[in-house]
Amino acid sequence: MKILGRPVARADFGYGNARLRARKAGLLAGDDYEALLDKDVEGVLGSLSSTAYAPEVEGALTRFHGARRLHEAVKGHLVRALEEMRSFYAGRARELVDLMLSRWDLSNTVALLRGEATAPHTEEALQNVVPIGPFPGAYAREVARQNEFAAAVGLMVRWKLPDPETARSLDDAWPDYERTEDLAGLEHAIAAAWARRTADALERTGPEGETLMRSFAREIDERNLLAALRLREALARGETDALPVLSGLGPYLPGGHIKLSRLDDAIRLPDPEGVAAALADAGAPAWRAPLERWGRSADLVALQGELEARRVRDAVSLFYRGIPSGWTSPWRTPPPRRTRRGTCASSPKAPPGGSPREGALAPDPAGSGGRRVSRLIVLTTPDLAPGYRLAGAATVGVASPQEAEATLLELVDGEGGVIAVHEAYHARLDRELRRRFDETLSPLVVPLPEGEAHEAEGGRRERLLKMLWQAVGYEITFDAEGGAAR
Numbered sequence: 001m002k003i004l005g006r007p008v009a010r011a012d013f014g015y016g017n018a019r020l021r022a023r024k025a026g027l028l029a030g031d032d033y034e035a036l037l038d039k040d041v042e043g044v045l046g047s048l049s050s051t052a053y054a055p056e057v058e059g060a061l062t063r064f065h066g067a068r069r070l071h072e073a074v075k076g077h078l079v080r081a082l083e084e085m086r087s088f089y090a091g092r093a094r095e096l097v098d099l100m101l102s103r104w105d106l107s108n109t110v111a112l113l114r115g116e117a118t119a120p121h122t123e124e125a126l127q128n129v130v131p132i133g134p135f136p137g138a139y140a141r142e143v144a145r146q147n148e149f150a151a152a153v154g155l156m157v158r159w160k161l162p163d164p165e166t167a168r169s170l171d172d173a174w175p176d177y178e179r180t181e182d183l184a185g186l187e188h189a190i191a192a193a194w195a196r197r198t199a200d201a202l203e204r205t206g207p208e209g210e211t212l213m214r215s216f217a218r219e220i221d222e223r224n225l226l227a228a229l230r231l232r233e234a235l236a237r238g239e240t241d242a243l244p245v246l247s248g249l250g251p252y253l254p255g256g257h258i259k260l261s262r263l264d265d266a267i268r269l270p271d272p273e274g275v276a277a278a279l280a281d282a283g284a285p286a287w288r289a290p291l292e293r294w295g296r297s298a299d300l301v302a303l304q305g306e307l308e309a310r311r312v313r314d315a316v317s318l319f320y321r322g323i324p325s326g327w328t329s330p331w332r333t334p335p336p337r338r339t340r341r342g343t344c345a346s347s348p349k350a351p352p353g354g355s356p357r358e359g360a361l362a363p364d365p366a367g368s369g370g371r372r373v374s375r376l377i378v379l380t381t382p383d384l385a386p387g388y389r390l391a392g393a394a395t396v397g398v399a400s401p402q403e404a405e406a407t408l409l410e411l412v413d414g415e416g417g418v419i420a421v422h423e424a425y426h427a428r429l430d431r432e433l434r435r436r437f438d439e440t441l442s443p444l445v446v447p448l449p450e451g452e453a454h455e456a457e458g459g460r461r462e463r464l465l466k467m468l469w470q471a472v473g474y475e476i477t478f479d480a481e482g483g484a485a486r
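Counted the way UniProt numbering counts, the sequence shown spans residues 1 to 486.
1. By alpha-carbon positions, which one of V418, Q146, A394 ends up nearest to G115?
2. Can you list, in chain order, the residues of its chain with a C-beta nearer than 6 Å to that of A385? Leave out the 5 residues immediately preceding and following it.
3. Which partner residues does V378 have in the DSSP bridge list?
4. Would you report the Cα separation of E208 and L161, rounded to the nearest angstrom?
5. Does the beta-carbon of residue 509 have 16 or more other beta-carbons within 10 angstroms, so that it is buried, or is it exposed?
6. Taking the alpha helix (DSSP H) that V448 falls in, what are its first and last residues?
7. If I measure Cβ to Cβ from E405 and keep anything under 6 Å in the same chain, skipping five residues before and after, which residues do I get?
8. Quick one, are the C-beta atoms of G295 and L225 less than 9 Å apart?
9. In three-state DSSP terms, what is L409?
10. Whole angstroms is fine: what's the gap from D38's alpha carbon to D31's?
11. Per DSSP, what kind of secondary structure is I258 in: helix, strand or coil?
12. Where I132 and R86 are concerned, what is the direct C-alpha to C-alpha distance, given to the nearest angstrom?
13. Any heavy atom of the ligand NAD closer than 8 Å to the beta-carbon of G238?
14. What number of angstroms, rounded off, separates the C-alpha of E203 from the C-alpha of A278?
15. Pick helix, strand or coil for P270, following the three-state DSSP scheme.
16. Might you give, ordered along the chain, the residues of its own chain that have their beta carbon closer than 8 Å to the beta carbon of E219, omitting 5 neighbours on each side?
17. Measuring CA to CA, which of S169, Y53, L70 is closest to R80?
18. If you draw a straight line from the alpha carbon of V129 to that of A140, how long is it in whole angstroms?
19. To the nearest angstrom, report how far apart R19 and R168 are at their CA atoms.
20. Considering only their Cβ atoms, is the gap separating L155 from W174 smaller than 9 Å?
21. Determine the closest residue to L261 out of E239, A228, P290, with distance taken between C-alpha atoms.
22. Using the Cα positions of G26 and T51, report the straight-line distance between them to the nearest angstrom.
23. Hey, quick one: how far does the alpha helix (DSSP H) through I220 stretch, first residue to last?
24. From V97 to G137, what does the alpha carbon distance come to, in whole angstroms?
25. Starting from the C-beta of V472, find all residues in its chain whose C-beta is less than 6 Å away, skip the five residues before and the five after it, and write them out in chain order.
26. Cβ of A29 within 9 Å of Cβ of S47?
27. Evaluate R313 with the Cβ neighbour count: other Cβ atoms within 10 Å of its Cβ, from every protein chain shown; 16 or more gives buried, anything less gives exposed.
28. So, are the CB atoms of A191 and V301 less than 9 Å apart?
29. Below 9 Å between beta carbons: does that hold for L291 and A276?
30. Assuming D12 is part of the alpha helix (DSSP H), what are its boundary residues?
31. Would a C-beta distance cut-off of 9 Å place L101 and A73 closer than the cut-off?
32. Can you tell me whether T62 is buried or exposed, with buried defined as 16 or more other CB within 10 angstroms of its CB?
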C-alpha cells in the first residue's frame, strides 16, 4: 500500500473508534483462553465455533485437515478483523491506519520470497502469508505457483506487489541476489527500504503520529540490537573472521533512535557482561534487565522473546488508555464535562491544608453512592515501597522515571481506579502522557507527594490517606482486601 505522502487535514478517529467499541464484546477474555488450554485441536475448534471466530472455523473445517484447520481459522479471523478495522476509517485517519498495517505487506513479501527460494511451485509459502491489503489469496497463490524463484520475483515486480515502492526495492536488490544467492541480504534490502519509507512518512505526520513514531523507532532499535548480537554470535561460531568496519547502515535498519556506532562498539567487547552493560547504556532503560539476563545465559532467543513481550504489552496498554498525540482509545469513556472554570460540575472536597490539585477531576460524591474504585496502586521508589505496603496499599517499587512510565503503561487496564505515582517520577512522565491522564478518571493517575507513611505522623495508614487525599482531591478509604473506596 502507498505510505503517507503530503500532510493533510487533522485525522478524525471518532467514527472508527465508535465502530471498534461496538466490537469489544466479540473479543475473547483471559478466562476464554484459559478454558482452551486443556483441549485438543478438535476441542478448540468446537469452542471457537460459538464465538466471533465461527465463520472462519466453518470455512476451515471443509477446506483443511488436522492442526492446519485451526491455523487457517485464526488467520482468517485476523484478516477479517484487520480489514474491517481499516474500513472504519477515512481520510487522514485511514492513511495512518494503513501506515500501521503496512508491516503486514513487508511480512507477506518476506514470507513469499522465503517460500519461493526454498520450495518453488508449492503451497508452503502460502501458509505463512496473511492475505491482507494488497496480498489477497489469489495474488499470493499466483506468485507461489511459479516454477522458479526468478519468475516469482519477476511477477511481483511486474504487478507492483505489495506496492510500487517495495516492488522497486525488490527489483533493485535482485541483481545482488543473483550474484551472491544471499537470501538474507535480499530480505534485508527490502526491509531497510520499507523502514526508511515508513520513518520518513511518520516524520511528516506531525503531532498525530508522534506515538506511532516512538513505537516504530522502539521496534527498529530492538531489531538492530538483536542484529548486532547475532553478528557477534557469528564471530564466536567462526562464521566470519572479524567484525567488519561497517559503512552506512550495514546489517541494521533505519528509523531507530539508537546510534548504530554504539551498537557496533558494544559488540566488539570481549565479555558478555560488558557487552550487555554497554548496550544497556546505549539503549532504553527497559533493556537493562533483559540484557543482564542475556549476559548471564547468552540466550538470544529468550532475549528476543522478552523484548517482544514487553513491546506487545505496552502496545496493548496504549490501545486501552488512548494514545496521546492524536490517536484515541476506542474503549475510552469520554472525560467528564467541565465547567467554564475548568473543573467538574461537582467540585471535590478540599483536603486538609489546601485545595485539590490543579485540574483534578473528581466525581460527584453524592452521585457515586460509595462506589468502590476498582484498584488503588502506588508506584514509588524501592526504599519507600515497604512503608506503603505496610499501610495497606498495593505498591510497586520502581527505580527510575523511565521504569515508572513503562510500569504505568502496563498497569493501565481501562477499568478505572487510582494510580498514585511518586511525585518526582510523575513530574518526568511524558508531557502528552500526563496531559492525557489529567483529562480522564479511567484510571485516575495522580502525583503522590514525597514522603513515607511514618508511624509518628498518626499511623502509616492515616498518613497515607492524607497524602492520597492531597494528591487526588477527595477522600479515599481502604476496604478489607486492600482496594479502595471513596
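We put the beta carbon where it would ideally sit given N, CA and C, even for glycine.
Taking the coordinates as given:
1. Q146
2. T395, G397
3. T395, A420
4. 28 Å
5. In the structure as shown, the chain begins at 1 and stops at 486. Residue 509 is therefore absent and cannot be evaluated.
6. Just to set this straight, residue 448 is Leu in the shown sequence, not Val. Not the alpha helix (DSSP H): L448 falls in the beta strand (DSSP E), residues 444-448.
7. L429
8. no
9. helix
10. 13 Å
11. coil
12. 10 Å
13. In the structure on display, the ligand NAD does not appear, and there are no ligands present to speak of.
14. 29 Å
15. coil
16. R311
17. Y53
18. 8 Å
19. 36 Å
20. no
21. Rather than Leu, the amino acid found at residue 261 in this sequence is Ser. When each option's Cα is compared against that of S261, the closest is A228.
22. 7 Å
23. 210-236
24. 22 Å
25. Residue placement at V472 is poorly supported in this model, since its pLDDT is 48, which falls under 50; the coordinates still yield a value, given next. These residues qualify, in order along the chain: V446.
26. no
27. exposed
28. no
29. yes
30. Counting along the chain, D12 falls outside any alpha helix (DSSP H), and DSSP gives it neither H nor E.
31. no
32. exposed
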